[in-house]
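Report on the structure given below.
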Amino acid sequence: MRSSVAVFVGTQTSHRCFQTLKLESSQIIYQRVQNMTTFLEPYDPPSWAKDLKFTPKFRVQLAQPNTPIHKWNIPGVPERFSIHIKRDDMTGGTLSGNKVRKLEFLLADAIDQGCKHVCTVGGIQSNHCRAVAVAARQLGLVPHLILRSSAKSASDIGCDGNVLLNRMCGAHMYVVPRASPYLPELRPRQERLAEIIKKQTGESTYLIPVGGSNKVGLFGYISAFQELQAQGALEKFDDLVFTCGSGGTAAGLSIANYLTGNTLRCHGFLVCDDDVYFYDHIQQTLEEVGLPHVNARDIVDIVPGYKGKGYSISTEEELDFITDVSIKSGIMLDSTYTGKAAYGMVQELAANPQRFRGDRLLFLHTGGVFGLFDGRMDAVLKKTDSETDSIKMWLNKTSDPS
Ligand SMILES: *Cc1c(COP(=O)(O)O)cnc(C)c1O
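This is the structure in structure tokens:
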């Protein structure tokens, strides 16, 4: 508190005060960095993952553990199937979604390596980037987000959805052209930014790949699978359904399922790239953890065909499906990921029921709720005579609503 008083005095008065302020704030930073290591907990992998070639040393606690599993009355599912939902949209409040689990390992690694900054990449409404911003601030790290957008100037960036939370975290945002591919363009930009930060502050930056999907982030969904196991999901369900965006969730779940005896059949509904891309990603991950003899195609079913018009582009039919689901079941799906995957699941259950091992399905809700606030839903929600536009004026207390 005392130092924040100094801020106001300093801005009003002399240069000397400003120097005091600088000294005080560097002491605060010093304390913060000292404390960061106290977040680290040694990570003890489940017995079935102990022999992997790579396991992380540390973990930090970010996610709300044991997210609920409950029955889901999702409309449009053929009678014989029963659907449950695992609520990883409840891994936290502003920290909601699947990226939080990956960040427990990625940010632990960042702290262990002595980094004070973290830098990642994604679309302007990236859930992953927002989760990095929030989690980094919780741990005392400085977030830097490289965001793809068609914006021409910084003033075009509003305060919608995830961007509002990025701003509230004081995340440093760098807007790059929408069509920048990750490996050839964004990775080099991350490295360049790390050099700039090093030059300016002497501090190191931890680089997180798109979606946090590497062998460190992998353990987010290895440990989520351990949680599923403890919740009895391996006995209660035949099939596990989830969204595939950068492949880390798919890799973690399907590798863990393989290591525990292939009890479930895993289905990843892709929302970008193609099935070959995700099989390759999972194959590469298998190699990195010392399981090169396992074929990705044998441990996961990547389902193409439901990315619609393309990544983060929605059709009216998809958005109508999302509102039908929220009206009939109270579950909010997001338009970029879970909405497309759930839509795909319902279609496949009718058209290709043999694709599923049994009739008891568990759908993993990977989050993304803040994306709903990006404005894309407005037109669908305000459609005249729709159930989502049931608004009556009732200004006069003596008359009925009209
Ligand atoms: C990132 C994301 C996914 C995709 O997960 P990956 O591990 O990147 O494949 C799914 N749903 C939501 C809401 C996400 O933000």
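The numbering of the sequence shown is this note's numbering, which starts it at 8 and goes up by one. Ideal Cβ positions, reconstructed from N, Cα and C, are used throughout, including at glycine. Computed from a prediction, not measured in an experiment: that's the story for all the values here.
Looking at N169 and ligand 3, is the gap between the Cβ and the nearest heavy atom below 7 Å? In the structure on display, ligand 3 does not appear, and the ligands it does have are ligand 1.
Considering only C-alpha positions, which residue in the set I309, D385 and Q290 is nearest to H300? When each option's Cα is compared against that of H300, the closest is Q290.
Closer than 8 Å is the cut-off here; do at least three beta carbon pairs connect the region 146-163 with the region 218-227? Under the 8 Å Cβ criterion, the region 146-163 does not count as touching the region 218-227, having fewer than three qualifying pairs.
Please state whether the Cβ-Cβ distance between V248 and F285 is less than 8 Å. With contacts defined as CB atoms closer than 8 Å, V248 and F285 fail to qualify as a contacting pair.
What's the call for G346, buried or exposed, on a 16-neighbour Cβ count within 10 Å? Under this definition G346 is a buried residue.
Alpha carbon of G382 to alpha carbon of S54, nearest angstrom: Approximately 45 Å between the Cα atoms of the pair.
Is it the case that the Cβ atoms of A263 and Y228 are separated by a distance below 8 Å? Yes.
Backbone CA spacing between T18 and V139 [nearest angstrom]: Its pLDDT being 38, under 50, T18 is placed unreliably in this model, and the coordinates cannot settle the point.
Taking all protein chains shown into account, do 16 or more other C-beta atoms lie within 10 angstroms of the C-beta of L388, making it buried, or fewer, making it exposed? Exposed, because fewer than 16 other Cβ atoms sit within 10 Å of the Cβ of L388.
Note down, in chain order, each residue of its chain lying with its Cβ closer than 7 Å to the Cβ of K399, except the 5 sequence neighbours on either side. P408 and S409, listed in sequence order.
Can you find the residues in the same chain that come closer than 7 Å, C-beta to C-beta, to S261, ignoring five residues on each side of it along the sequence? Beyond the five residues adjoining it in sequence on each side, S261 comes within less than 7 Å, by CB distance, of C273, I289, I306 and V307 in the same chain, given in chain order.
Quick one: is the Cβ of A257 within less than 7 Å of any heavy atom of ligand 1? Checking the Cβ of A257 against ligand 1 gives yes.
Using a threshold of 7 Å, is the CB atom of D280 nearer than that to any non-hydrogen atom of ligand 1? Because no heavy atom of ligand 1 lies under 7 Å away, the Cβ of D280 does not count as near it: no.
For M43 and S251, the rounded distance between their alpha carbons: Note that residue 251 is Cys in the sequence shown here, rather than Ser. The alpha-carbon separation between C251 and M43 amounts to approximately 32 Å.
Selection from T343, Q132, G337 and N359 that minimises the alpha carbon distance to E323: Closest by alpha carbon: T343.
Which whole-angstrom value describes the C-beta separation of K93 and L371, a residue pair presumed to lie in contact below a C-beta threshold of 8 Å? At roughly 5 Å, the Cβ-Cβ gap stays under 8 Å, so K93 and L371 are in contact.
Could you check how far apart the C-beta atoms of S255 and K109 are, in whole angstroms? I think they sit under 8 Å. According to the sequence shown, residue 255 is Gly rather than Ser. About 6 Å; that satisfies the 8 Å criterion.
Residue from E86, A201 and N73 with nearest C-alpha to V149: Among E86, A201 and N73, the Cα nearest to that of V149 belongs to A201.
Taking 7 Å as the cut-off, is the CB of C251 close to at least one heavy atom of ligand 1? Yes, the beta carbon of C251 sits closer than 7 Å to at least one heavy atom of ligand 1.
Under a three-way DSSP split, which group does C122 fall into? It is coil, neither helix nor strand.
Give a yes or no on whether the C-beta atoms belonging to I338 and Q238 are separated by under 8 Å. When the beta-carbon positions are compared, I338 and Q238 stay at least 8 Å from each other.
For S321, tell me which candidate among I153, V296, S336 and L340 has the shortest Cα-Cα distance. Scanning I153, V296, S336 and L340 for the CA closest to the CA of S321 turns up L340.
Which residues bound the beta strand (DSSP E) around G275? Note, G275: beta strand (DSSP E), R272 to L277.
Any idea if P191 is buried or exposed, counting beta-carbon neighbours within 10 angstroms, 16 or more meaning buried? Exposed: under 16 other Cβ atoms inside 10 Å.
From this set, E394, Q71, A70 and D51, which residue's C-alpha is nearest T62's C-alpha? Nearest C-alpha to T62 among E394, Q71, A70 and D51: D51.
Looking at ligand 1, does it come within less than 7 Å of N221, judged from the CB to the closest heavy atom? No, since every heavy atom of ligand 1 falls outside the 7 Å radius drawn around the Cβ of N221.
Quick check: what's the CA-CA separation for L326 versus S397? Taking the CA atoms as reference points, L326 sits about 17 Å from S397.
Can you tell me which of the three DSSP states P184 falls into? In this structure, P184 counts as strand in the three-state DSSP scheme.
Reducing DSSP to helix, strand and coil, say where C176 ends up. C176 falls in the coil class under three-state DSSP.
Tell me the rounded alpha-carbon separation between E295 and K335. In a straight line, the C-alpha of E295 is about 43 Å away from that of K335.
Would you check if the region 77-85 and the region 105-124 touch, i.e. whether three or more CB-CB distances between them fall below 8 Å? In this structure the region 105-124 does not touch the region 77-85; the number of beta carbon pairs closer than 8 Å is below three.
Specify the secondary structure class of V66 as computed by DSSP and reduced to three states. The question names Val, yet the displayed sequence has Arg at residue 66. In this structure, R66 counts as strand in the three-state DSSP scheme.
Cβ neighbours of D282 in the same chain (closer than 6 Å, five flanking residues each side left out): Correct list, in chain order: I309 and P311.
Does DSSP put S393 in a helix, a strand or coil? Reduced to three states, the DSSP call for S393 is coil.
For E111 and A122, the rounded distance between their alpha carbons: It is Cys, not Ala, that sits at residue 122 in the sequence shown. Taking the straight line joining both Cα atoms gives about 15 Å.
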